[in-house]
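Asks:
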Amino acid sequence: MSYFLRVFCQSSELVPISEITDFIQDGSYFEEQSRFVVCNVKSDAEETHWQSLTIHYETGKRPIVIERNINDELLHQEVKETIEMLKLCEPSRQQSEIIDQLSATKQVIAIEIDFDGLRDAAWEMLDCLEAHLASILSGIIYAPNDGFYDRHVQLIYQLREKQPVS
243 MSYFLRVFCQ
253 SSELVPISEI
263 TDFIQDGSYF
273 EEQSRFVVCN
283 VKSDAEETHW
293 QSLTIHYETG
303 KRPIVIERNI
313 NDELLHQEVK
323 ETIEMLKLCE
333 PSRQQSEIID
343 QLSATKQVIA
353 IEIDFDGLRD
363 AAWEMLDCLE
373 AHLASILSGI
383 IYAPNDGFYD
393 RHVQLIYQLR
403 EKQPVS
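Shown next, in the form of structure tokens:
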């Protein structure tokens with residue numbers, strides 16, 4: 243089952259694809275050597291201009307796919323939909339702060355995973371990678387049906403629907 247984690251980033255800094263692949267390789271998360279497939283890199287000199295990265299981390303497992311949207315229509319739509327979803331939840335100070343952060347988003351890094359088939363090593367890699375990206379890009383992490391996390395992957399807002407007024 244596909245599940246999309248997102249890092250909503252307030253920084254417009256473009257992270258080179260090699261920083262992500264090196265981070266994963268240096269972490270030694272997997273027994274097998276990971277294989278990376280990058281889409282939309284124009285040249286080595288422009289390795290900051292990537293759109294997606296597919297991580298083949300274990301034979302027979304569905305790969306992890308990372309996609310980046312930078313100030314485009316899809317980014318604006320994702321931000322709008324996330325804010326609308328958030329407004330359906332119990333209001334709080336944290337909710338208001340998250341809406342402000344989402345409104346300042348310059349890029350979204352979406353990570354597609356096989357939620358049911360992911361092993362512990364892959365979850366560990368994802369937690370570390372999300373924390374790294376959120377730290378260097380002033381981001382917050384969004385896990386649908388769960389909540390929002392800070393750059394330390396600590397829960398800052400748990401999603402709870404508004405309680406009906408009786």
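Residue 381 in our numbering sits at position 139 of the sequence shown, and the numbers go up by one each step. Just so you know, even glycine gets a beta-carbon here, dropped at the ideal spot from N, CA and C.
#1: Does Phe265 come out as helix, strand or coil in the three-state DSSP assignment?
#2: Note down, in chain order, each residue of its chain lying with its Cβ closer than 6 Å to the Cβ of Pro258, except the 5 sequence neighbours on either side.
#3: Tell me whether Ala376 sits in a helix, a strand or coil according to DSSP, three-state version.
#4: From the DSSP output, read off the bridge partner residues of Leu295.
#5: So what's Ser334 in DSSP terms, helix, strand or just coil?
#6: Determine the burial state of His318: buried for a count of at least 16 other Cβ atoms within 10 Å of its Cβ, exposed for fewer.
#7: On the DSSP letters alone, give me the boundaries of the alpha helix (DSSP H) that Val321 sits inside.
#8: Would you kindly work out how many angstroms separate the C-alpha atoms of Leu316 and Ala385, rounded to a whole number?
#9: Could you tell me whether the Cβ atoms of Leu344 and Phe250 are closer together than 8 Å?
#10: Taking the beta strand (DSSP E) that Gln349 belongs to, which residues open and close that run?
#11: Using 8 Å as the threshold, is the C-beta distance between Arg310 and Gln275 below it?
Replies: The answer reads as follows:
#1: Locating residue 265 in the sequence shown gives position 23, counting from the first residue. Reduced to three states, the DSSP call for Phe265 is helix.
#2: One-based indexing of the sequence shown puts residue 258 at position 16. Cβ neighbours of Pro258 beyond the five flanking positions: Glu289, Thr290.
#3: Locating residue 376 in the sequence shown gives position 134, where the first residue counts as 1. DSSP places Ala376 in helix when its eight states are reduced to three.
#4: Against the sequence shown, residue 295 aligns to sequence position 53. DSSP lists Val280, Ile308 as partners of Leu295.
#5: Counting from one through the sequence shown, the residue named residue 334 turns up at place 92. Per DSSP, reduced to three states, the secondary structure at Ser334 is coil, with no helix or strand assignment.
#6: Numbered from 1 along the sequence shown, position 76 holds the residue referred to as residue 318. By the Cβ-count criterion, His318 is exposed, with fewer than 16 other Cβ atoms from all chains shown falling within 10 Å of its own Cβ.
#7: Along the sequence shown, one-based indexing puts residue 321 at 79. It spans 315 to 329 - the alpha helix (DSSP H) in which Val321 sits, taken as one unbroken run.
#8: As a working mapping, residue 316 is identified with position 74 in the sequence shown. As a working mapping, residue 385 is identified with position 143 in the sequence shown. Their backbone Cα atoms lie some 18 Å apart in a straight line.
#9: In the sequence shown, residue 344 corresponds to position 102, counting from 1. In the sequence shown, residue 250 corresponds to position 8, counting from 1. Going by C-beta atoms, Leu344 is nearer than 8 Å to Phe250.
#10: Counting from 1 along the sequence shown, the entry for residue 349 is found at position 107. Segment 349 to 356, the beta strand (DSSP E) holding Gln349.
#11: Position 68 of the sequence shown, counted from the start, is the residue given in the question as residue 310. Position 33 of the sequence shown, counted from the start, is the residue given in the question as residue 275. It is not a contact, given that the beta carbons lie outside the stated cut-off.
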